[in-house]
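Only one structure is covered here, and it is reproduced in the block below.
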Amino acid sequence: MTVPQGPARVDAAPVDPTPADPIPADPTPVQPSPPAPSSAPPVDTVERAAGTPDEAQPHAALGLRDEEYARIRDILGRRPTEAELAMYSVMWSEHCSYKSSKVHLRRFGETTTEAMRARLLAGIGENAGVVDVGDGWAVTFKIESHNHPSYVEPHQGAATGVGGIVRDIMAMGARPVAVMDGLRVGPLDAPDTARVLPGVVSGVGFYGNCLGLPNIGGEVVFDPTYAGNPLVNALCVGVLRHEDLHLAFASGTGNKIVLFGARTGLDGIGGVSVLASETFDAADPTQAPSRKKLPSVQVGDPFAEKVLIECCLELFGAGLVVGIQDLGGAGLSCATSELASAGDGGMHVDLDAVPLRAADMTAAEILSSESQERMCAVVTPENVDAFMAVCRRWDVTATVIGEVTDGDRLRITHHGATVVDVPPRTVAHDGPVYERPYARPEWQDALQADTVAGRPRPSTPGEIAEQVRGLVASPALASRAWVTEQYDRYVRGNTTSATPADAGVVRVDEETGRGVAISIDANGRFCQLDPRAGAQLALAESVRNVASSGAVPVAVTDCLNFGSPEDPAVMWQFAEAVAGMAEGCAALGLPVTGGNVSFYNQTGSTAILPTPVVGVLGILSDVTRAVPHGLGPEGHAVWLLGETRDELDGSAWAGVVHDHLGGRPPQVDLAAEARLAALVAGAASEGLLSGAHDLSDGGLAQALVEAALGTGRGARVALPSGPRGLDAATVLFSESGARMLVTVAPGDEAELARRCADAGQPAARLGEVGGDAVAIEGVDDLPLAELRSLWEATLPAALD
Amino acid sequence: MSRIGVITFPGTLDDVDAARAVRYAGGEPVALWHDDADLRGVDAVVVPGGFSYGDYLRAGAIAARSPVMGPVVDAGRAGMPVLGICNGFQILCEAGLLPGALVRNHGLRFVCREVGLRVEADTAWTSGFTVGQDIRVPLKSGEGRYVADAATLDALEAEGRVVFRYTEPAPNGALRDIAGISSADGRVVGLMPHPEHAIDALTGPGTDGLGLFTSVISQLTAAA
Chain Z
1 MTVPQGPARV
11 DAAPVDPTPA
21 DPIPADPTPV
31 QPSPPAPSSA
41 PPVDTVERAA
51 GTPDEAQPHA
61 ALGLRDEEYA
71 RIRDILGRRP
81 TEAELAMYSV
91 MWSEHCSYKS
101 SKVHLRRFGE
111 TTTEAMRARL
121 LAGIGENAGV
131 VDVGDGWAVT
141 FKIESHNHPS
151 YVEPHQGAAT
161 GVGGIVRDIM
171 AMGARPVAVM
181 DGLRVGPLDA
191 PDTARVLPGV
201 VSGVGFYGNC
211 LGLPNIGGEV
221 VFDPTYAGNP
231 LVNALCVGVL
241 RHEDLHLAFA
251 SGTGNKIVLF
261 GARTGLDGIG
271 GVSVLASETF
281 DAADPTQAPS
291 RKKLPSVQVG
301 DPFAEKVLIE
311 CCLELFGAGL
321 VVGIQDLGGA
331 GLSCATSELA
341 SAGDGGMHVD
351 LDAVPLRAAD
361 MTAAEILSSE
371 SQERMCAVVT
381 PENVDAFMAV
391 CRRWDVTATV
401 IGEVTDGDRL
411 RITHHGATVV
421 DVPPRTVAHD
431 GPVYERPYAR
441 PEWQDALQAD
451 TVAGRPRPST
461 PGEIAEQVRG
471 LVASPALASR
481 AWVTEQYDRY
491 VRGNTTSATP
501 ADAGVVRVDE
511 ETGRGVAISI
521 DANGRFCQLD
531 PRAGAQLALA
541 ESVRNVASSG
551 AVPVAVTDCL
561 NFGSPEDPAV
571 MWQFAEAVAG
581 MAEGCAALGL
591 PVTGGNVSFY
601 NQTGSTAILP
611 TPVVGVLGIL
621 SDVTRAVPHG
631 LGPEGHAVWL
641 LGETRDELDG
651 SAWAGVVHDH
661 LGGRPPQVDL
671 AAEARLAALV
681 AGAASEGLLS
691 GAHDLSDGGL
701 AQALVEAALG
711 TGRGARVALP
721 SGPRGLDAAT
731 VLFSESGARM
741 LVTVAPGDEA
751 ELARRCADAG
761 QPAARLGEVG
771 GDAVAIEGVD
781 DLPLAELRSL
791 WEATLPAALD
Chain H
1001 MSRIGVITFP
1011 GTLDDVDAAR
1021 AVRYAGGEPV
1031 ALWHDDADLR
1041 GVDAVVVPGG
1051 FSYGDYLRAG
1061 AIAARSPVMG
1071 PVVDAGRAGM
1081 PVLGICNGFQ
1091 ILCEAGLLPG
1101 ALVRNHGLRF
1111 VCREVGLRVE
1121 ADTAWTSGFT
1131 VGQDIRVPLK
1141 SGEGRYVADA
1151 ATLDALEAEG
1161 RVVFRYTEPA
1171 PNGALRDIAG
1181 ISSADGRVVG
1191 LMPHPEHAID
1201 ALTGPGTDGL
1211 GLFTSVISQL
1221 TAAA
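Sequences listed follow chains Z and H, in order.
Under my numbering, the first residue of the first sequence carries the number 1, and numbering increases by one thereafter.
Under my numbering, the first residue of the second sequence carries the number 1001, and numbering increases by one thereafter.
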């Protein structure tokens, strides 16, 4: 496994949080673009660049350091043209080159064994990892961030985040079949949350619903550190037959490069606008005429993408595609340099052939445009006509823009002159690598010493019951239905489990019932206390969620959201989290198949909580045998699997009741997680379990409430004090890992007990399913109707 | 075996679900393309849900003017059973086969949830139900609020053409809680909720939705 090299989306660059300009309403196609008017400055050709070595270039404004600019000049043996400078600057950005994270991400490669790789058909470095799920089926999945655009323009930022990850999945030859979203915003009652969260949710829903992809789960987390920097992480999963796997490479001299999908416009060209010669003012690049001033956040058209999906699948099915690449962050710069450097020859691209939707676009603008809903394919000459016919059937614009050539150069022409002539690998893969300084922050010790142990815990039944109610209704734990009811979870008819279940489950094969379960999880509070343990706890929770459906976890994708890599404390958090994740994945035998890194998530000098989001994919050989979420039928026994310790630091209880974050997170016990997952998968495959729910945020109390509300059946339970003699409040609110609630038919209890004993799995019988309350012996009877209204009222009260 | 056409427009999403529902009900689904000039000899047509043409202009407005809709309108007027689901309902209204219109939900947000419906009329697509029967199916739409002028609504009620009514206050603010209506002869039916997503307890709220498809197939079989 190598470090991620795939094209990441627009993220990781600090964005000026001013409101975006109005969305351009006029999509009138202008094609082909006319020659530059004679009054315009001369086109910056390779020839001109060679002859004007001393011309000043705005490399710093484009984010390139002096030494990086010097390296580009070394590589080329001259100064770069404007177009080349645009390409290098965007491809060498943090976002595309992983220059700050690369040295740490190598840990994943170092800890991945051949055994872990056994199921992988493609791994990190491709657009998305591909996992063999059996019977000739493969699944590809990946999570990516679209954080900064979603703060500037929540609806479009989130929508194009979904669009981008879906194209990554398409680029592997797969049919996208489901999406998930991990959202993190400021406190529910913060004024800006009322702008950001509804906008983000409507964007995720608008794009996913219109694409016909069920949204099967995710997270919504509120914390003050996300107030000025929300996190929008989108996951897509796709399904393909092994033989349909497509990779991004351009080979075969004479093969044609076809750009298809939407036209290329001025949207999302971001920093490259400083290159527009007629407007560039070195003293003040903001003083530009308004002609080209367009939103830096891209605008999505899910209808165009839906048509593109169907068009691509038909092209794949007809065998008309040699190589394929989606256009996302860095647009054509990324697609052409990636395709060319992954192939075995050079490439020539003629920008005059690119269908445009704005007049007078410069080469740099065409190459940097992040117009959405575009793909780039490599097609043999004899298949071009058939390729075009499929595109016509779907009313998709498709244009041959170049071809694979002999040699090893990427040459791009515009208005008949060469504007780019580079070794493509130097653009796509040979970006700078930083060894950023990192250091454990000096406040870490004080934070870890400040445990919640000294804060009062409730002792009377009335106090405990009151805190259970308070947690159920808290923003941290209240129902997310306000969000998820805006997402279609039924489309395509293969969703067998969706939020609020622990994992989303999608059927892959209608004949056999084979399917996959996915969960995405992170706990930034735990990570703040100990990033290494926190990353492992996120992995453990995700594994547990997938396991609670009865699935066998097989692979991981991750989205690493952190503050500024220029802050040694943040860099330490990142290094620790990556090391922890790599260790954890190795311990559980799960390969990381891909993902992305998002840095610069901070407001002023305050970073977000370190937030490594983990997505775990599991396999179910038959979704009809999946364990239902929640409590099983009346009269079934309720069991708690796993061991409860006094672990309240960083918990939802500490946050909600005491507004406290300090101490150490719960102990990580990956062996216990693996044992629990294996036990549940084994019991599920034989139909032993009638219901399950993992224990995480809010501990046993919240798990009981959610499991009861999930199926509308109550339970009568007694709390296990266990060998440690814990008090009731600690048993109810502790967030110890490796625990799950399960229900089992009375006749199957002995078998469950036997399996637990054989596996060394701690287990305790709590009581039975039944009644219309969560009745906790020695605490109180909490009526379901009351719990439901507490749980469901919080988000609507704040957001409606 | 009854052959039931399922139309795919660019942007149609629930065509696979509608075809599956036809299959589960014992019929043969026949794929129809928006550009088709004829109906390939089918016995009935389902216009499925989705966002045909991206809901550009108005939901259903462009699809209603697609080539395939010419023969659908002619056949529907001549008594062929036609079912429009969600975007399909919008298309049938835009095409003039059904009265009224579907506008933005009163909460201005997309709503996806299971809803209760009361079957209130005996039509080609509901003959297998008992009038007054309650069924449970998913609703998922952003523009599902049925509206028409008072005279039209009164006429629909008087003529027994309100086929489905929400059993709770309509989540989209539909006038008189109307979820689905029919043509005067009861052959063309449109509804916002999705019966094709309620054909298997594994993937939906139950199997109530299958009744629409078995109804039309038993009618077609009896007539044959």
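Glycine included, C-beta positions come from ideal geometry on N, C-alpha and C.
Predicted model only: the values in this text are computed from it and were never measured.
- [ ] Take Trp653(Z) as the anchor and find which of Pro456(Z), Lys142(Z), Phe733(Z) and Ile309(Z) has the nearest alpha-carbon.
- [x] Checked all of Pro456(Z), Lys142(Z), Phe733(Z) and Ile309(Z); the closest Cα to Trp653(Z) is Phe733(Z).
- [ ] Less than 8 Å between the CB atoms is what I'm expecting for Phe222(Z) and Pro187(Z), so what's the real figure, rounded?
- [x] Right, the Cβ-Cβ distance comes to about 5 Å (below 8 Å), so this counts as a contact.
Task: Cβ distance (whole Å) where Val505(Z) is taken to contact Ala83(Z) below 8 Å - done: The pair is not a contact, with the Cβ atoms about 47 Å apart (cut-off 8 Å).
Open item on the list: For a minimum of 4 consecutive residues, which ranges assigned as the alpha helix (DSSP H) are wholly contained in the region 118-164 of chain Z?
Closed with: List check, alpha helix (DSSP H) in window: 147-152.
Open item on the list: I want to see whether chain H comes within less than 8 Å of Asp488(Z), judged by CB atoms only; does it?
Closed with: Interface residue, yes.
TODO: Whole angstroms is fine: what's the gap from Leu1202(H)'s alpha carbon to Val384(Z)'s?
DONE: Going from the Cα of Leu1202(H) to the Cα of Val384(Z) covers about 43 Å.
Task: N- and C-terminal bounds of the alpha helix (DSSP H) containing Trp639(Z) - done: DSSP places Trp639(Z) in no alpha helix (DSSP H) but in the uninterrupted beta strand (DSSP E) bounded by Ala637 to Leu641.
Task: Cys236(Z) at chain B interface by Cβ criterion, 8 Å - done: Although the question refers to chain B, the structure presented lacks it and instead comprises the protein chains Z and H.
TODO: Return the chain-ordered list of same chain residues with a C-beta closer than 6 Å to the C-beta of Gly698(Z), the five sequence neighbours on each side being excluded.
DONE: Excluding sequence positions up to five before and after Gly698(Z), its CB lies within less than 6 Å of the CB of Leu471, Leu477 and Ala652, all in the same chain and listed in chain order.
Task: chain Z contact residues for Asp1251(H), given Cβ-Cβ distances below 9 Å - done: This structure does not reach residue 1251(H), given that chain H is present from 1001 up to 1224, and the question cannot be answered.
- [ ] Please classify Asp1208(H): is it buried, with 16 or more other beta-carbons within 10 angstroms of its beta-carbon, or exposed?
- [x] With at least 16 other beta carbons inside 10 angstroms of its own, Asp1208(H) counts as buried.
Open item on the list: Between the alpha carbons of Arg1145(H) and Gly725(Z), how many angstroms are there, rounded?
Closed with: When rounded, the distance between both Cα atoms is 57 Å.
TODO: Using a cut-off of 8 Å between C-beta atoms, extract the partners of Phe316(Z) located in chain H.
DONE: Ordered by position in chain H, no residue passes the 8 Å Cβ test against Phe316(Z), which lies about 18 Å from the chain.
Task: Sub-8 Å separation of Ala1198(H) and Val1131(H) beta-carbons - done: 8 Å or more divides the Cβ of Ala1198(H) from the Cβ of Val1131(H).
TODO: Buried or exposed for Ser1052(H), please, with buried defined as at least 16 other CB atoms from any protein chain shown within 10 angstroms of its CB.
DONE: Ser1052(H) should be labelled buried.
Open item on the list: Would Asn1172(H) and Asn1087(H) qualify as a contact pair, given that the criterion is a beta-carbon distance under 8 Å?
Closed with: Contact flag unset, no.
Task: CB of Ile518(Z) within 8 Å of CB of Val546(Z), strictly - done: Their beta carbons are under 8 Å apart, which means Ile518(Z) touches Val546(Z) by this criterion.
Open item on the list: Rounded to the nearest angstrom, what separates His429(Z) and Arg525(Z) at their Cα positions?
Closed with: His429(Z) and Arg525(Z) have their C-alpha atoms some 35 Å from each other.
Task: Rounded C-alpha distance that separates Pro666(Z) from Leu752(Z) - done: Within the model, the alpha-carbon separation for Pro666(Z) versus Leu752(Z) is close to 27 Å.
TODO: Rank Ile1181(H), Pro1010(H), Ala1222(H) and Arg1003(H) by C-alpha distance to the C-alpha of Leu1117(H) and give the top, closest one.
DONE: Answer by Cα proximity: Ile1181(H).
TODO: Per DSSP, which residues does Gly323(Z) bridge with? Please list them.
DONE: According to DSSP, residue pairing for Gly323(Z) in a beta bridge involves Val378(Z).
TODO: Could you give the DSSP three-state label for Gly1084(H): helix, strand or coil?
DONE: In the structure shown, the three-state DSSP call for Gly1084(H) is strand.
Open item on the list: Is Thr1203(H) close to chain Z? Criterion is C-beta to C-beta, closer than 8 Å.
Closed with: Closer than 8 Å: yes.
Open item on the list: My parser needs the beta strand (DSSP E) runs of 3 or more residues fully inside the region 1161-1214 of chain H; what are they?
Closed with: Every beta strand (DSSP E) of 3 residues or more that sits fully in the region 1161-1214 of chain H is shown, in chain order, as 1162-1166, 1178-1182 and 1188-1191.
Open item on the list: Using beta carbons (cut-off 8 Å, strictly below), is Asp1014(H) in contact with chain Z?
Closed with: Judged by the 8 Å Cβ criterion, Asp1014(H) is in contact with chain Z.
TODO: Could you check if Ser605(Z) is buried or exposed, using at least 16 other CB atoms within 10 Å of its CB as the buried criterion?
DONE: Of the other Cβ atoms in all chains shown, fewer than 16 fall within 10 Å of the Cβ of Ser605(Z); this residue is therefore exposed.
Open item on the list: Using the three-state DSSP reduction, which class does Trp1033(H) fall into: helix, strand or coil?
Closed with: Note: Trp1033(H) maps to strand in three-state DSSP.
- [ ] Spell out whether any CB of chain H is found under 8 Å from the CB atom of Trp791(Z).
- [x] Against chain H, the CB of Trp791(Z) has no partner CB under 8 Å away; the residue lies outside that interface.
Task: Boundaries (first-last residue) of the beta strand (DSSP E) holding Gly615(Z) - done: Where Gly615(Z) is concerned, the enclosing beta strand (DSSP E) stretches over Thr611 to Leu620.
- [ ] Select from Ala118(Z), Gly319(Z) and Ala304(Z) the residue whose C-alpha is nearest the C-alpha of Val379(Z).
- [x] The residue with the shortest Cα to Cα distance from Val379(Z) is Gly319(Z).
Task: Proximity of Ala785(Z) and Arg107(Z) at Cβ, strictly below 8 Å - done: No, the Cβ-Cβ distance between Ala785(Z) and Arg107(Z) is not below 8 Å.
- [ ] Identify each residue in the region 1156-1182 of chain H for which the Cβ-Cβ distance to at least one residue of chain Z is less than 7 Å, and report them in chain order.
- [x] Cβ contacts with chain Z come from no residue of the region 1156-1182 of chain H.
- [ ] Output, in chain order, the set of chain Z residues within a Cβ distance shorter than 9 Å of Phe1213(H).
- [x] Around Phe1213(H), no beta-carbon contact reaches into chain Z at under 9 Å, the shortest distance being about 13 Å.
Task: Limits of the beta strand (DSSP E) - the one that Val1119(H) falls within - done: Taken as a continuous stretch (DSSP letters only), the beta strand (DSSP E) holding Val1119(H) covers Val1111 to Val1119.
Task: Where Thr1008(H) sits in the DSSP three-state scheme - done: Three-state result, Thr1008(H): strand.
Task: Endpoints, the beta strand (DSSP E) within which Thr405(Z) is located - done: From DSSP, the beta strand (DSSP E) with Thr405(Z) extends over Ala398 to Thr405.
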